[in-house]
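Everything below concerns the one structure shown next.
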Amino acid sequence: MALIIPRRLRDKVWPEPLPPLTSFEGQTVLLTGATGGLGLAAAVHFATLGGKVIMTARNLSQSDSVRDYVEQHAGIVGQGKIHIMELDMSQYSSCVSFVEQLKQSEAGRTGIDVAVLNAGVINVDFVRSPEGWEQTIQVNALSTTLLGLLLIQWMSQTSKNSILAPHLIFVTSRDHLDPNITTWPEWSSQEGLLQHFSDERNWPSGGFDPNYANSKLLLTYAVEEICKRAVGPNGTVDVIVNTVCPGLVYTDLGRSIAKMSRLMQLLVPIHTGILGKSADYGARFYVKAARTSKHEHGKYIQSLFTDEEYRSLAIPNLMTDTAMKVKALVWNEIITELKEKVPALRDLKDIS
Ligand SMILES: NC(=O)c1ccc[n+]([C@@H]2O[C@H](COP(=O)([O-])OP(=O)(O)OC[C@H]3O[C@@H](n4cnc5c(N)ncnc54)[C@H](OP(=O)(O)O)[C@@H]3O)[C@@H](O)[C@H]2O)c1
25 MALIIPRRLR DKVWPEPLPP LTSFEGQTVL LTGATGGLGL AAAVHFATLG
75 GKVIMTARNL SQSDSVRDYV EQHAGIVGQG KIHIMELDMS QYSSCVSFVE
125 QLKQSEAGRT GIDVAVLNAG VINVDFVRSP EGWEQTIQVN ALSTTLLGLL
175 LIQWMSQTSK NSILAPHLIF VTSRDHLDPN ITTWPEWSSQ EGLLQHFSDE
225 RNWPSGGFDP NYANSKLLLT YAVEEICKRA VGPNGTVDVI VNTVCPGLVY
275 TDLGRSIAKM SRLMQLLVPI HTGILGKSAD YGARFYVKAA RTSKHEHGKY
325 IQSLFTDEEY RSLAIPNLMT DTAMKVKALV WNEIITELKE KVPALRDLKD
375 IS
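Per our numbering, the very first residue in the sequence shown carries number 25; after that it's consecutive.
Right, dumping it as structure tokens:
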């Protein structure tokens, strides 16, 4: 679309405004994948705006440097408002024990006001997760959905004690518009979609990660189901759920693409350097998503398209009869997988 480049340049120059400094005072904000890039920048924003921030890292050896960075940049050194917890989303057991530890921590008493499920990957080489699925599908779609389901149950219960509805935010990407889903029903009836995306023979050698866009579309479908679980029996929204795209941002996400060749080593930083905005600017959309109203429950927060443009672009993957069929097939595969492997979800009720 011809408007994409000018809008990316606009967002690079004119940042999304931030709310007043005390906007998150007394609130607890959870950010997954916060050791770098957008997660780290978002931690600085939420902490500057008064929030207590719980950040996750795969490796706790980074804790001190990450905490120091956020405290210094938010001007809150020594206030004890930044906590780092371990989470490795390549394994369900880590996601489950992370949520259990969260409930045992101080957040178990106060509840979580904002949860931003930000962790994500792009791989160039095929990697299989310990759960048996291709790693991009595992982290961006399956484990993010698992965390979303575990958190929505808990946040819906704790929301009853708070005046403001909490926010559960899923970081997706514009790329969820890209997959051509017309063959998905056929793949689903043959080996299954998750199996298809996790078959190394379908992975192009030397190409871009074919599953990044697929994973973000799978997640977008799953979030529609999670949205239903955020609404109480009387139709009130207990937890405001949104998806968000930060736009093109200059981070380490493309590190594996840059490693593909010398040419890519040059092209990736040039592309994201010219068109991509800073992590500070991209993470402002997480702050925006954390302040949506109940009327915006389920909305995709982004700046690249107007709402009308997005509605039209989303027709093939989200609105057509094929899209409805694919959505149901995807959810069925995801929930079957999660219920089978995660005992904590075995009793999860279906919501139609
Ligand atoms: N950058 C963009 O242009 C852009 C555009 C649209 C959407 N997004 C989305 O924004 C989110 C953040 O991306 P970013 O650009 O900030 O990339 P990034 O700098 O690579 O950050 C990704 C974060 O995810 C964490 N992570 C990766 N694999 C994980 C795993 N198995 N378990 C737990 N955490 C894991 C990483 O932790 P480690 O430090 O341990 O690797 C890191 O903290 C992603 O969901 C991405 O898809 C980015």
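We put the beta carbon where it would ideally sit given N, CA and C, even for glycine.
On the DSSP letters alone, give me the boundaries of the alpha helix (DSSP H) that residue i sits inside.
i, result
"V138", "Looking at the DSSP string, V138 is not in any alpha helix (DSSP H); the run it does join, the beta strand (DSSP E), is V138 to L141."
"K127", "Y116 to Q128"
"D88", "S87 to A98"
"V350", "D345 to K365"
"M179", "T168 to S183"
"D35", "I28 to V37"
"E2", "A question about residue 2 goes unanswered here, because the residues of the chain that appear run from 25 up to 376."
"H220", "L217 to F221"
Is residue i near ligand 1, going by C-beta to nearest heavy atom under 7 Å?
i, result
"V11", "The structure shown does not extend to residue 11, since the chain is modelled only from 25 to 376, so the question has no answer here."
"N235", "no"
"L170", "no"
"N83", "yes"
"P270", "yes"
"G156", "no"
"T52", "no"
"S197", "yes"
"G377", "Nothing can be reported for residue 377: it is not among the residues displayed for the chain, which extend from 25 to 376."
"L192", "no"
"A139", "no"
"T160", "no"
"S212", "no"
"L126", "no"
"S114", "yes"
"D304", "no"
"N142", "yes"
"G61", "yes"
"V261", "no"
"G57", "yes"
"D149", "no"
"V377", "This structure cannot settle anything about residue 377, because the visible part of the chain is limited to 25 through 376."
"V354", "no"
I'd like the list of long-range same chain contacts for residue i, defined as Cβ closer than 7 Å, with 5 residues on each side in sequence excluded.
i, result
"S197", "K240 and C269"
"K349", "P209"
"K318", "A189, V261 and I264"
"V366", "Y116, V120 and L170"
Near residue i, what residues of its chain come up, given a Cβ to Cβ distance below 6 Å and the 5 sequence neighbours on each side ignored?
i, result
"R82", "D112"
"T72", "A98"
"L242", "A165 and V354"
"A313", "I193, N266, V268 and I325"
"I358", "T169 and A246"
"H107", "I78"
Start and end of the beta strand (DSSP E) containing residue i?
i, result
"I193", "H191 to V195"
"L55", "T52 to L55"
"T267", "I264 to V268"
"E110", "I106 to E110"
"A81", "K76 to A81"
Is the Cβ-Cβ distance between residue i and residue j less than 8 Å?
i, j, result
"Q162", "N147", "no"
"A254", "V263", "yes"
"P43", "V311", "yes"
"L175", "A139", "yes"
"S302", "Y274", "yes"
"V53", "V77", "yes"
"N341", "P203", "yes"
"G306", "L62", "yes"
"I205", "A347", "yes"
"E40", "F309", "yes"
"T316", "H200", "no"
"N142", "L55", "yes"
Per DSSP, what are the beta-bridge partners of residue i in this structure?
i, result
"A66", "Paired residue(s): none; A66 is not in a bridge."
"R152", "E158"
"K301", "V273"
"Y324", "T267"
"V255", "V261"
In its own chain, which residues sit with a C-beta less than 8 Å from the C-beta of residue i, not counting the 5 before and 5 after it?
i, result
"D149", "S280"
"I29", "L299"
Measure from the C-beta of residue i to each C-beta in chain D and report whether the shortest distance is under 8 Å.
i, result
"F70", "Of the protein chains in the structure, only one exists, and it is not chain D."
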